[in-house]
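For reference, the structure discussed in these notes is given below.
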Amino acid sequence: MPVSVTAIPCLSDNYAWMLRDAATGTVAVCDPGEAGPAIAALEAAGGRCDLILLTHHHGDHIDGVEAVRARFGARVVGAAADAHRLPKLDQALKPGERVSIGATEGVVIDTPGHTVGHVAFHFPEGAVLLCGDTLFSLGCGRLLEGTAEQMFHSLQALAALPEATLVCCGHEYTESNARFALTVEPENAMLQARAEEVKAQRAAGQATVPTTIGQEREENPFLRAGDVARLAEIRTAKDNFR
5 MPVSVTAIPC
15 LSDNYAWMLR
25 DAATGTVAVC
35 DPGEAGPAIA
45 ALEAAGGRCD
55 LILLTHHHGD
65 HIDGVEAVRA
75 RFGARVVGAA
85 ADAHRLPKLD
95 QALKPGERVS
105 IGATEGVVID
115 TPGHTVGHVA
125 FHFPEGAVLL
135 CGDTLFSLGC
145 GRLLEGTAEQ
155 MFHSLQALAA
165 LPEATLVCCG
175 HEYTESNARF
185 ALTVEPENAM
195 LQARAEEVKA
205 QRAAGQATVP
215 TTIGQEREEN
225 PFLRAGDVAR
235 LAEIRTAKDN
245 FR
């Protein structure tokens, strides 16, 4: 693979993601919400971090940035539209623009909904999607700033990616998402099997991500919503699910 990706658990249920370009050894980390785990993982992997990628401005995704930047001299990349509320950016990108981790090139995808300035990073050669809090395994982000229409179009853009694309999301929410998803699609056999697998993984203390776009197309009710109204209905139900 031209780029490898490794989850870094942090805070109570967050994931930062470490990416390494095979050709050059260049290392990036996405959304270091907590400095300690990110720095420890980077040090254990060779003590290098060239780039910090940010999907959105929430503290649980950016609070470790300055410490990581200071330790490794990393450049910080994020959305130009959100530059006013992100840590100081060395590269402010617009949707459709490119970002490189060594020889591995990625593209910025506009994914508003959870926040209005949210972006995702897709690295086609490595089949990696860094989607922050837009798409989760069996779920999607809350509409804290954006609209259901924005989230619908964001999810459809991600659903159009190749099915083998790894979904590297920002949180370990799969178990609770699975419980809710089964109330939406109780007869979905693939979802039923996934829910059992997730239950076993969490009981064993294992991560449930990354998943793939192909899996999410078959199992995630938010990705499977046929229109904006249906997505809004499901999202409201999830917000009130206990």
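Here my numbering runs 4 ahead of the position in the sequence shown, where the first position is 1.
No residue lacks a Cβ here, since even glycine has one placed at the ideal position from N, Cα and C.
Owing to the predicted nature of the structure, the values given are computational and were not obtained by experimental measurement.
Backbone secondary structure at residue i - three-state DSSP
i    : result
Q95  : strand
R102 : strand
F127 : strand
G13  : Per the sequence shown, the amino acid found at residue 13 is Pro instead of Gly. P13 falls in the strand class under three-state DSSP.
R146 : coil
M22  : strand
F140 : strand
V188 : helix
V202 : helix
H118 : coil
A208 : coil
D58  : Reading off the sequence, residue 58 comes out as Leu, not Asp. If DSSP states are grouped into helix, strand and coil, L58 belongs with coil.
V195 : In the sequence as displayed, the identity of residue 195 is Leu instead of Val. Three-state DSSP puts L195 in a helix.
A32  : strand
Residue i versus the options, residue with shortest Cα-Cα distance
i    : options                : result
E109 : L195, E179, E129       : E129
R206 : V7, D17, T10           : D17
K92  : P166, R79, C14         : R79
C14  : P6, R24, A211, G37     : G37
A96  : E223, R102, I66, A84   : A84
F156 : A42, N224, A208        : N224
A229 : N244, E189, T212, A211 : E189
A185 : D243, D54, G117, L148  : D243
G121 : L148, V103, A20        : L148
L227 : Q210, G63, T138        : T138
R239 : T187, N192, R221       : T187
P99  : F125, R89, L90         : F125
L195 : K203, V123, A182       : A182
L162 : T178, A241, R146, F140 : F140
First through last residue of the alpha helix (DSSP H) which encompasses residue i
i    : result
A48  : 39-48
R1   : This structure leaves residue 1 out entirely; the chain is present only between 5 and 246.
R79  : That residue, R79, is in no alpha helix (DSSP H); its beta strand (DSSP E) goes 79-83.
E223 : 217-223
D114 : Where D114 is concerned, there is no enclosing alpha helix (DSSP H), although the beta strand (DSSP E) it sits in stretches over 108-114.
L162 : 152-163
L235 : 232-243
Limits of the unbroken beta strand (DSSP E) element including residue i
i    : result
D64  : D64 -> not in any beta strand (DSSP E); alpha helix (DSSP H) instead, spanning 63-66.
L227 : Premise fails: L227 is in no beta strand (DSSP E) and is neither H nor E.
L170 : 170-173
C53  : Premise fails: C53 is in no beta strand (DSSP E) and is neither H nor E.
7 Å Cβ cutoff, residue i in contact with chain B
i    : result
R183 : This model lacks chain B altogether, as it is built from one protein chain only.
Contact set for residue i: own chain, Cβ-Cβ below 8 Å, skip 5 residues either direction
i    : result
G2   : Any property of residue 2 remains undetermined from this structure, which presents the chain solely from 5 to 246.
A211 : A11, P13, Y19, E176, Q205
Cut-off 7 Å between Cβ atoms - residues of its own chain near residue i, not counting five sequence neighbours on either side
i    : result
L170 : V9, A131, V132, L133, P214, T216
A39  : G68, A71, V72
S158 : T115, P116, G117, T138
G150 : P116, G117, H118, T119, V120
Q154 : P116, G117
D64  : L15, N18, G37
L165 : H126, L133, I217
Cutoff 6 Å; reference residue i; Cβ partners in own chain excluding five residues on either side
i    : result
G218 : E167
A26  : P6
L235 : A152, F156, A229
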